[in-house]
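Chains as they are written, first to last, in the numbering used here: chain A, 1 to 190; chain B, 191 to 596.
No residue lacks a Cβ here, since even glycine has one placed at the ideal position from N, Cα and C.
Keep in mind the model is a prediction, meaning the values are calculated, not measured.
Shown next, in the form of structure tokens:
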């Protein structure tokens, strides 16, 4: 067994066990901690794949941001009735079914898509970003990952500047809206 | 590093050996620095408060940290009854892990880095910001309201200060055009006006904003609201004792050194002395050159850490609303302006003007520091005061003993 496979096995096992921990734990804060291990495990998988930028983004967005907010909220609101969450049998059944279906779907799909060409060196973050903005074209030339074998996808020189700007303005609007909704209401002086 | 080990060991083992050696060296660096930094903190605080600090244990009290360590190890490992045992025990290790992992991407010299990541600056920000998780969990799991308040304050403070800190990191990254800390370091080779801090006025200001935000995100005074003794007993580590308590301090000093290293790499020329117009590793060879590099880099880290200590013992603690206001109303807009400013500077200002400005900044700031330093040597205190008179700023007032005699 080679080193990457061994590392993948260890990290994936820990991630999967922590994910189970999120489901099986009853205490809300414990769930958040298991979720922390799951998310860190996923980012470790990204690092193992050589996708450093995605791994670091996973850490800063989910671990440093979202999870802190979750724990923050839980700490402020966790009173006796909310602290313990018990799962009813019907929920076990529905959740288990949905999980099994999703797992089956993922396995079926992952056996259909082509393996990425191992000889093709992946571009680093800077050329990817420049390609994204349409400055240079460093888009990979080999087979597209995630597409069934034998299907050729036409590649075009990509420039996602306009969609990127639209999405960021959209996010900005959401932020302003959230700040507006959450602002302290001014009392009308009578 | 794996290349070096591949001469000695076959494939999977050379990677493992390189990893183990790097981790061991980093752990030794964090442990040794913390050992000395705790002693330095006590000495600095003592001298600032007109005391001697530790003197008894070893020469100059240097072994004080060892004595503290033995005391902490031999203390009872204690958890409150109502505490969530699992999380209570886990939290210190989480905090330490975050600050340790931050060092993985920190180059100590040219190519002397545990893992030369392409996105090292981003990675360090991501990892160092997750140190707060351990603190928040410690606050929650202790089942004490003081700890909980400390944890909540810490979460609010760190999450807010992360934003201007990250924006200030982007400013030199815009100048360098890369997130790779090793490349950013090698770009600042040569004389000290090549350092990023002197590149233009915006990076100059960004360094100070970054340093303040880094101090705040290490929860150092004047931003140590999470462990404010006067209001919260000891904040998030109220219920901790013994070796677990010391892990929090290992994490705190570790992240102090990590952000100081990040600051010196991004702004202060990394491992370059600033007075040698060549890269030491190219002139002297990899290992001898890097010996100099590591010495310079660690010295720069220590200067910044000592600056943090100086700030801690000179400034009063802020109130929590002042801390949040400083961040959200001042640092956030300032860092946005800096980011836009540095982009415009690079686009619009011609190269000759930019070069002149960087000379002015470099020599002006160095001259200012030199004048301040020399002025501290100038004033004679103590011996110059006549009998019955107080020296220095109290000159002209009569001594207390003199007053009592009347």
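Chain A contact for residue i (CB, 8 angstroms cutoff)
i	result
residue 421 (chain B)	no
residue 543 (chain B)	no
residue 341 (chain B)	yes
residue 472 (chain B)	no
residue 338 (chain B)	yes
residue 567 (chain B)	no
residue 307 (chain B)	yes
residue 388 (chain B)	no
residue 454 (chain B)	no
residue 145 (chain B)	Since the first residue shown for chain B is 191 and the last is 596, residue 145 (chain B) is missing from the structure and cannot be characterised.
residue 354 (chain B)	no
residue 327 (chain B)	yes
For residue i, three-class secondary structure by DSSP
i	result
residue 299 (chain B)	strand
residue 306 (chain B)	coil
residue 27 (chain A)	strand
residue 113 (chain A)	strand
residue 248 (chain B)	coil
residue 258 (chain B)	helix
residue 272 (chain B)	coil
residue 317 (chain B)	helix
residue 267 (chain B)	coil
residue 374 (chain B)	helix
residue 450 (chain B)	helix
residue 287 (chain B)	helix
residue 542 (chain B)	helix
residue 409 (chain B)	coil
residue 390 (chain B)	coil
residue 482 (chain B)	helix
residue 253 (chain B)	coil
residue 555 (chain B)	helix
residue 428 (chain B)	coil
residue 529 (chain B)	helix
residue 473 (chain B)	helix
residue 243 (chain B)	coil
residue 99 (chain A)	helix
Buried or exposed by the 16-neighbour rule on C-beta atoms within 10 Å, applied to residue i
i	result
residue 519 (chain B)	exposed
residue 13 (chain A)	exposed
residue 336 (chain B)	buried
residue 366 (chain B)	buried
residue 170 (chain A)	exposed
residue 464 (chain B)	buried
residue 198 (chain B)	exposed
residue 414 (chain B)	buried
residue 55 (chain A)	buried
residue 526 (chain B)	exposed
residue 378 (chain B)	buried
residue 512 (chain B)	exposed
residue 402 (chain B)	buried
is_contact[residue i, chain B] using C-beta, thresh 8 angstroms
i	result
residue 8 (chain A)	no
residue 73 (chain A)	no
residue 164 (chain A)	no
residue 85 (chain A)	no
residue 52 (chain A)	yes
residue 70 (chain A)	no
residue 3 (chain A)	yes
residue 113 (chain A)	no
residue 56 (chain A)	yes
residue 67 (chain A)	yes
residue 64 (chain A)	yes
residue 33 (chain A)	yes
residue 98 (chain A)	no
residue 173 (chain A)	no
residue 36 (chain A)	yes
residue 29 (chain A)	yes
Partner residues on chain E for residue i, Cβ-Cβ distance less than 7 angstroms
i	result
residue 368 (chain B)	The question asks about chain E, but that chain is absent: this structure's protein chains are A and B.
beta-carbon residue i near the ligand FMN non-hydrogen atom, thresh 7 angstroms
i	result
residue 347 (chain B)	Here there are no bound small molecules, and the ligand FMN is not part of this structure.
Fill in: Sufficient close CB pairs (3 or more, under 8 angstroms) joining the region 250 to 266 of chain B to the region 285 to 301 of chain B
Look at the beta carbons and you see the region 250 to 266 of chain B not touching the region 285 to 301 of chain B: under three pairs across the two are nearer than 8 angstroms.
Discussion item. Closer than 8 angstroms is the cut-off here; do at least three beta carbon pairs connect the region 379 to 391 of chain B with the region 315 to 333 of chain B?
Written reply: Per the Cβ contact rule, the region 379 to 391 of chain B is not in contact with the region 315 to 333 of chain B (fewer than 3 Cβ pairs under 8 angstroms).
Discussion item. When you compare the region 438 to 458 of chain B with the region 400 to 419 of chain B, are there three or more beta-carbon pairs, one atom per stretch, that lie closer than 8 angstroms?
Written reply: Between the region 438 to 458 of chain B and the region 400 to 419 of chain B, the count of C-beta pairs closer than 8 angstroms reaches three or more; the two stretches touch.
Worksheet entry | Inter-stretch contact at 8 angstroms, needing at least 3 Cβ pairs: the region 15 to 29 of chain A / the region 307 to 322 of chain B | These segments do not touch.
Discussion item. For the pair the region 295 to 308 of chain B and the region 257 to 267 of chain B, tell me if three or more CB-CB distances fall below 8 angstroms.
Written reply: No contact exists between the region 295 to 308 of chain B and the region 257 to 267 of chain B.
Discussion item. Within 8 angstroms, do at least three Cβ pairs link the region 229 to 246 of chain B to the region 499 to 511 of chain B?
Written reply: With a cut-off of 8 angstroms, the region 229 to 246 of chain B and the region 499 to 511 of chain B count as touching, because enough Cβ pairs lie within range.
Discussion item. Measuring CB atoms only, is the region 263 to 276 of chain B touching the region 15 to 25 of chain A, in the sense that at least three cross pairs come out at less than 8 angstroms?
Written reply: With the cut-off at 8 angstroms, the region 263 to 276 of chain B and the region 15 to 25 of chain A do not touch.
Discussion item. Pairs of beta-carbons, one from the region 423 to 442 of chain B and one from the region 461 to 475 of chain B, closer than 8 angstroms: are there three or more?
Written reply: Look at the beta carbons and you see the region 423 to 442 of chain B not touching the region 461 to 475 of chain B: under three pairs across the two are nearer than 8 angstroms.
Worksheet item: Within the chosen definition, does the region 338 to 356 of chain B reach the region 89 to 97 of chain A through at least 3 CB pairs nearer than 8 angstroms?
Response: They do not touch, by the three-pair rule.
Discussion item. Can you confirm whether the region 59 to 69 of chain A touches the region 34 to 47 of chain A when touching is taken to mean that 3 or more C-beta pairs between the two stretches lie within less than 8 angstroms?
Written reply: The count of Cβ pairs closer than 8 angstroms, one atom from the region 34 to 47 of chain A and one from the region 59 to 69 of chain A, reaches three, so the stretches are in contact.
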